[in-house]
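Presented below is the structure to which this report refers.
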Amino acid sequence: MNVLKIFSMSWRWWLLCVLLCTFFQSYFVFGQGDVRETGKFQSWDVNKDGVLTREEVPAGPRRMFERIDINGDGKITFKEHRSGGRQPDRNTPTDQDPTGLEKKQNALRRTIRQAWVQEPTGVEREYFVRSPKNDTHSCPITILFHGNGGAAEPMIRNWDRTLTDHILIAAQGYERSWNITKERSKAPDVDFVEMILEEVLKRYPQADESQISLIGSSNGAGMVYRLLIEMDDSIRIKNAIAFVSSLTESQYHDKRFWKRTDEATSRYDLAIEIPEKRRIITIHGSADSVVPYYGGRGP
3 MNVLKIFSMS WRWWLLCVLL CTFFQSYFVF GQGDVRETGK FQSWDVNKDG
53 VLTREEVPAG PRRMFERIDI NGDGKITFKE HRSGGRQPDR NTPTDQDPTG
103 LEKKQNALRR TIRQAWVQEP TGVEREYFVR SPKNDTHSCP ITILFHGNGG
153 AAEPMIRNWD RTLTDHILIA AQGYERSWNI TKERSKAPDV DFVEMILEEV
203 LKRYPQADES QISLIGSSNG AGMVYRLLIE MDDSIRIKNA IAFVSSLTES
253 QYHDKRFWKR TDEATSRYDL AIEIPEKRRI ITIHGSADSV VPYYGGRGP
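With positions in the sequence shown counted from 1, the corresponding number in this note's numbering is that position plus 2.
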């Protein structure tokens, strides 16, 4: 009897030890992985804003930026960084969608064909439009511009619940960028946006062309500045919001605004007059070292 009791106790202790060893091994392995990933993320996050932009990620890992940037907004959160680009289960609740059921927007994908030096035979450029459900009345228009490395469609989701009565337009930059100076895109982006507006005004009679607003982040904010300066005078921009970007010195100097005669270059060589004042809100941080608040080059 005593032998059986001792054996029974030994077996239980042995099982408990195995379970504890397994637990602590997993804990320390995963814990160390989290520590490493946290340290890596924090060392790359130059401006300490809690997200990584394309410019902050080192050249090697930068090749995977689009895959890691799950929602395509041009920024990588720590959650996206840690997931390694794995898409969440659509039925799994998230912070943005606690029910686990993704909200369906009535956003339509449309294209406009353009040709330029990078696409001499022409290419279909896409944009997305979401109109309000109850759109029998006059609807303001808001055009959304993603950051470098971002995507158009997620911009609709980001603003859908805020601007419920607006016709939302999200344009897609060529090579996921907007042509400001040294981006990959050399596309005629101002013409692209003007063509989008012309088409939307034809398709949506409820669209109010006197209530056009622009919203852009980072490289998309740079596109907002370009449009405010260069867009055709017949198009009235009522409001503009630019997140985390500034005018480049080449766009404004000697008390004058400038544009390019050749968009394939970064040379702003044509002085222009803006016929009226523009209403704009700019949001930036003085500690930003990627896009310096006071101008100049980032790292």
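Even glycine gets a Cβ: it sits at the ideal position worked out from N, Cα and C.
What does the alpha-carbon distance come out to for the pair residue i and residue j?
i      : j      : result
ASP167 : ASN108 : 13 Å
ILE276 : PHE259 : 8 Å
ILE282 : ILE72  : 30 Å
GLU121 : TRP46  : 34 Å
SER215 : TYR296 : 26 Å
TRP161 : ASN221 : 18 Å
GLY175 : ARG64  : 18 Å
TYR270 : LYS135 : 42 Å
GLU251 : GLU57  : 20 Å
ILE158 : ILE217 : 12 Å
GLU177 : LYS279 : 32 Å
THR267 : ILE171 : 28 Å
ARG127 : VAL292 : 29 Å
SER236 : ASP210 : 14 Å
SER179 : TYR254 : 22 Å
ARG205 : GLU265 : 29 Å
ILE274 : MET197 : 21 Å
GLN116 : ARG186 : 16 Å
GLN98  : ASP256 : Note that GLN98 scores a pLDDT of 43, beneath 50, so its modelled location is shaky; the value from the coordinates is reported in the next line. So the two alpha carbons sit approximately 46 Å from each other.
HIS286 : ARG112 : 32 Å
ILE78  : ARG163 : 22 Å
GLN213 : ILE70  : 36 Å
GLY41  : VAL48  : 12 Å
Just to confirm, are residue i and residue j a CB contact at a threshold of 8 Å?
i      : j      : result
ILE114 : ILE143 : no
TYR129 : ALA154 : yes
ILE195 : ILE231 : One point to set straight first is that residue 195 is Val, not Ile, in the sequence displayed. No, the Cβ-Cβ distance between VAL195 and ILE231 is not below 8 Å.
SER219 : VAL246 : yes
VAL125 : LEU110 : no
ILE182 : GLY224 : yes
LYS188 : VAL119 : yes
PHE43  : PHE67  : no
Which residue wins for smallest C-alpha separation from residue i, given the options the options?
i      : options                        : result
PRO207 : MET66, SER140, ALA244, LYS261  : SER140
VAL59  : PHE130, THR123, PRO122, GLY151 : GLY151
ILE239 : VAL226, GLU201, TYR270         : VAL226
ILE243 : ALA117, LYS50, PHE147          : PHE147
LEU54  : GLY76, THR267, SER85, GLY62    : GLY76
PRO190 : GLY62, LYS261, GLY41           : LYS261
ALA173 : GLY41, ASN49, THR40, VAL202    : VAL202
ALA289 : ARG112, PHE43, LYS50, GLU39    : LYS50
GLU82  : LYS257, ILE274, GLY52          : GLY52
GLU39  : ARG163, SER85, HIS286, ALA61   : SER85
SER133 : PRO156, ALA117, LEU165, GLN116 : LEU165
SER248 : ASP256, ARG228, MET233         : ARG228
ASP234 : GLY41, PRO156, GLU200          : GLU200
THR284 : ASN241, LEU272, LYS257, ARG163 : ASN241
When DSSP builds the beta bridges, which residues end up paired with residue i?
i      : result
LEU110 : VAL131
GLN116 : VAL125
VAL67  : For clarity, residue 67 is Phe in the given sequence; the question names Val instead. In DSSP, PHE67 forms no bridge with anything.
ALA242 : LEU216, ILE282
TYR254 : PHE259
Flag residue i as yes if its beta-carbon sits less than 8 Å from any beta-carbon of chain B, otherwise no.
i     : result
ASN73 : Of the protein chains in the structure, only one exists, and it is not chain B.
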